[in-house]
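Report on the following structure.
In this note's numbering, the protein residues as written are -17 to 257.
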């Protein structure tokens, strides 16, 4: 059996540089990056969703070499060039996509390309940074001979480095209705965050991408407020922790704030296990 871990605290890399899907620079062979710290998360599970929801495995050198989502809906072998990810290969029967990583000259991921089983690139994601923080993600998909932007995410941070605001804009293009949602995070604790990576994986049938070196949340938020032209709500979170200040459970008490269901509530739950 392979041992299972997950990168919980992802140390941000350095210096500001912009990246663009229109004008990409960098190399698919990354330079050496500073060492990344990892916490020993085994699985994340959510009631009434496929289990394990997230699962990670490591090689003998302590680097993640396999991850799966939604009980195997997506399963990836993680390939390295030196100490950095060069690609994630989906290993399911019906999907053999390869997520191909490119890096800037400071060792940060600046683009990820989705290549299908024939090698054709049909989507790409580009990343923009400000000093030590990820501030923008753009995802484009192929349309005829060109690529068109289908999704833009932007990020703002509190002075302590924790995420304060995440804006998710879906562009109105063929086959997709345009909308924008904004999530605001407040009242962070002083414990270790292990699920910040899920904030950029917010579509069930979309590929999971890992960004070692990017830290959206170092601690755990106590409050979330969702606004936009869709389903809006507020959530108060409570946590239990182990003796290493890692969360064991995350419970959310939510209130719907708009629409015919305004004022009614629902709960969210997640459980974390560790080696």
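Note that beta-carbon positions come from the ideal geometry of N, C-alpha and C, so glycine has one too.
Under DSSP, residue 112 forms a beta bridge with 115. For residue 174, the three-state secondary structure derived from DSSP is coil. If the five residues before and after residue 222 are omitted, its C-beta is found closer than 6 angstroms to the C-beta atoms of 230 and 231, all from its own chain and listed in chain order.
Between the C-alpha atoms of residue 63 and residue 70 there is a straight-line separation of about 12 angstroms.
Taking 7 angstroms as the cut-off, the beta carbon of residue 28 is found closer than this to the beta carbon of residue 252. Contact annotation: the segment 208 to 225 touches the segment 234 to 253, with at least three C-beta pairs closer than 8 angstroms. If you draw a straight line from the Cα of residue 89 to the Cα of residue 247, it is about 44 angstroms long. In summary, residue 165 is buried, with 16 or more beta-carbon neighbours lying within 10 Å of its beta-carbon over all protein chains present.
Residues 167, 168, 169, 170 and 219 of the same chain have their beta carbon placed closer than 7 angstroms to that of residue 203, with the five preceding and five following residues left out of the count. Each of 123, 96 and 172 was checked against the Cα of residue 72, and the nearest Cα belongs to 96.
Scanning 85, 142 and 121 for the CA closest to the CA of residue 152 turns up 121. Cβ contact annotation for residue 255 (same chain, cutoff 7 angstroms, sequence separation greater than five): 24 and 25, in chain order. Comparing C-alpha distances from residue 108 to each of 81, 125, 144 and 126 shows the shortest one belongs to 81. Residue 144 counts as buried, since at least 16 other C-beta atoms from the protein chains shown sit within 10 angstroms of its C-beta.
By the Cβ neighbour-count rule, residue 235 is exposed, with fewer than 16 other Cβ atoms within 10 Å of its own.
Going by C-alpha positions, residue 111 is about 24 angstroms away from residue 104.
The C-beta of residue 174 has 16 or more other C-beta atoms within 10 Å across all chains shown, which makes the residue buried. For residue 230, the three-state secondary structure derived from DSSP is strand. Residue 84 holds the alpha-carbon nearest to the alpha-carbon of residue 194 among 78, 184, 53 and 84.
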